[in-house]
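Just so we're aligned, residue 5 is where the sequence shown starts under our numbering, counting upward by one. For each residue, glycine too, the CB sits at the ideal point set by N, CA and C. Step one of this worksheet: look at the structure below.
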Amino acid sequence: MEEFFEKIKVEDISDNVFSLIGKDWMLITAGNSEAYNMMTASWGTAGVLWRKPVIITFVRPQRYTYQFLEKHPYFSVSFFREEHREILNLCGTTSGRDLNKMQIAGLSAIETPNQTITFKEAKLTLECRKIYFDDIDPAFFQLFDLEKIYSNKDYHRFYIGEIIYAWKSKIN
Ligand SMILES: Cc1cc2nc3c(=O)[nH]c(=O)nc-3n(C[C@H](O)[C@H](O)[C@H](O)COP(=O)(O)O)c2cc1C
Numbered sequence: 005m006e007e008f009f010e011k012i013k014v015e016d017i018s019d020n021v022f023s024l025i026g027k028d029w030m031l032i033t034a035g036n037s038e039a040y041n042m043m044t045a046s047w048g049t050a051g052v053l054w055r056k057p058v059i060i061t062f063v064r065p066q067r068y069t070y071q072f073l074e075k076h077p078y079f080s081v082s083f084f085r086e087e088h089r090e091i092l093n094l095c096g097t098t099s100g101r102d103l104n105k106m107q108i109a110g111l112s113a114i115e116t117p118n119q120t121i122t123f124k125e126a127k128l129t130l131e132c133r134k135i136y137f138d139d140i141d142p143a144f145f146q147l148f149d150l151e152k153i154y155s156n157k158d159y160h161r162f163y164i165g166e167i168i169y170a171w172k173s174k175i176n
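See the structure below:
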């Protein structure tokens, strides 16, 4: 890992977090080198909770990645440069149930110190430990266009990940 990435403090992440998540998108990856899966996400938030740096991801229960997030105590969130947009599109429109995402050309998996997976091509990786999860409860919504977002009642499960390490690429 240290060959390709350097550990940085979360305070030293220079990108704007709204752009990183909402515009650049991220890959959420869970599993280990034997079996892992990743999906693209553009909904999420990063900040501080319980005195810890955290990122919160929102994953619908039908995602294949969900099963990996449920099973494993760690996950990663990784960010890429524009040249990888096509790969992010693919990971956001195709399920690991239909395509072995471990074999996507252009993504080289690498194991983190906590045995989760990120990719050499990522410009930034947040290595996270699951510290809390819950499901969106429709009873608490104050939004009016709920029907559009949840017409299938597939309410997201959100995972609060403590950012154990922030890894900045030495090469990308
Ligand atoms: C730009 C973009 C953003 C997405 N954001 C999310 C998200 O935040 N949460 C979610 O559950 N699905 C999101 N998706 C959909 C999943 O990435 C998509 O369903 C993917 O195929 C799931 O893969 P999997 O079944 O292998 O886990 C997004 C898709 C795209 C293209």
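Selection from the options that minimises the alpha carbon distance to residue i
{"i": "Val81", "options": "Gly165, Lys174, Asn176", "result": "Gly165"}
{"i": "Thr106", "options": "Asn118, Pro117, Thr122", "result": "Looking at the sequence itself, residue 106 is Met, so the reference to Thr does not match. The residue with the shortest Cα to Cα distance from Met106 is Thr122."}
{"i": "Ile32", "options": "Tyr163, Ile175, Phe145", "result": "Tyr163"}
{"i": "Asn156", "options": "Glu87, Ile12, Arg64", "result": "Arg64"}
{"i": "Gly26", "options": "Asp16, Asn41, Gly48", "result": "Gly48"}
{"i": "Thr120", "options": "Glu15, Asp28, Ile175, Ile167", "result": "Ile167"}
{"i": "Asn41", "options": "Arg101, Lys13, Trp171, Ile17", "result": "Arg101"}
{"i": "Gln66", "options": "Ser99, Gly35, Phe83", "result": "Ser99"}
{"i": "Val14", "options": "Pro57, Phe22, Ile108", "result": "Pro57"}
{"i": "Ser46", "options": "Ala39, Gly35, Ser37, Leu92", "result": "Leu92"}
{"i": "Glu38", "options": "Asn20, Ile17, Glu115, Ile108", "result": "Glu115"}
{"i": "Thr44", "options": "Val52, Ala34, Leu53", "result": "Ala34"}
{"i": "Asp182", "options": "Val52, Arg161, Val21", "result": "For residue 182 there is no data in the structure shown, the boundaries of the chain being 5 and 176."}
Residue i versus residue j: straight-line alpha-carbon distance, rounded
{"i": "Leu130", "j": "Thr97", "result": "23 angstroms"}
{"i": "Lys152", "j": "Ala50", "result": "25 angstroms"}
{"i": "Tyr159", "j": "Leu150", "result": "10 angstroms"}
{"i": "Thr69", "j": "Trp29", "result": "16 angstroms"}
{"i": "Gly110", "j": "Glu6", "result": "20 angstroms"}
{"i": "Leu147", "j": "Asp141", "result": "12 angstroms"}
{"i": "Ile135", "j": "Ile60", "result": "10 angstroms"}
{"i": "Ser126", "j": "Ala113", "result": "At residue 126 the sequence reads Ala, which differs from the Ser that was named. Ala126 and Ala113: Cα-Cα distance of roughly 10 angstroms."}
{"i": "Ser23", "j": "Leu94", "result": "20 angstroms"}
{"i": "Arg55", "j": "Asn176", "result": "30 angstroms"}
{"i": "Phe145", "j": "Lys11", "result": "38 angstroms"}
{"i": "Lys124", "j": "Ile108", "result": "13 angstroms"}
{"i": "Ala1", "j": "Gln71", "result": "Not covered by the structure: residue 1. The range shown for the chain is 5 to 176."}
{"i": "Asp19", "j": "Pro117", "result": "24 angstroms"}
{"i": "Asp16", "j": "Leu53", "result": "18 angstroms"}
{"i": "Phe137", "j": "Val21", "result": "21 angstroms"}
Supposed contact pair residue j and residue i - C-beta distance, whole angstroms, cut 8 angstroms
{"i": "Phe62", "j": "Trp171", "result": "So it is not a contact: roughly 23 angstroms between Cβ atoms."}
{"i": "Phe83", "j": "Cys132", "result": "With 8 angstroms as the limit, Phe83 and Cys132 do not qualify as a contact, their Cβ atoms being about 13 angstroms apart."}
{"i": "Leu103", "j": "Ser173", "result": "At roughly 25 angstroms, the Cβ-Cβ gap does not stay under 8 angstroms, so Leu103 and Ser173 are not in contact."}
Identify every run of the beta strand (DSSP E) within the segment 68–116, keeping only runs that are complete inside it and at least 3 residues long; order them along the chain.
-> 78–83, 113–115
So does the segment 60–77 actually touch the segment 86–94, counting three or more Cβ pairs closer than 8 angstroms?
-> no
Which parts of the segment 138–173 are runs of the beta strand (DSSP E), unbroken and 3 residues or longer, counting only runs that do not cross its ends?
-> 161–173
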